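Take a look at the structure below.
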Amino acid sequence: MAETANGGISGLTSEEVRRICGDLSDWKVSAILETHATIGDLEAAVAWLVGEDDVMGEERRALSGAAARIYDILAADEEFAGEDRTR
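Using this note's numbering, you'd call the opening residue of the sequence shown number 18 and step up by one each time.
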């Protein structure tokens with residue numbers, strides 16, 4: 018994350034997304050960046066995707082907001098989504 022001129026924290030960078038998620042298609046990285054999510058949102062979505070949310074047991078919370086949008090992006094079938102994104 019980068020600090021903004023007013024001292025706030027800006028959204029994710031493509032480097033952070035790729036470091037946390039690994040090798041992703043460019044459209045997925047762009048779509049994730051467009052959510053203006055935090056690292057926490059991204060980490061929560063990845064945990065749900067790989068099934069680590071099971072560790073949370075009863076305290077597990079449903080994804081919402083940016084984390085839910087990121088989950089949908091990461092779970093999208095590349096074969097079908099790529100057709101629309103590459104035109």
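No residue lacks a Cβ here, since even glycine has one placed at the ideal position from N, Cα and C.
Values in this document were obtained by computation on a predicted structure and should not be read as measured data.
Query                                                                                                             : Result
At the level of alpha carbons, what is the spacing between G17 and A54?                                           : Any property of residue 17 remains undetermined from this structure, which presents the chain solely from 18 to 104.
Please state if the CB of G39 and the CB of D58 are separated by a distance shorter than 9 Å.                     : no
Does I87 pass the burial test, meaning 16 or more other C-beta atoms within 10 Å, or should it be called exposed? : buried
Using three-state DSSP, classify E51 as helix, strand or coil.                                                    : coil
How would you write the range of the alpha helix (DSSP H) that G82 sits in, first residue to last?                : 82-92
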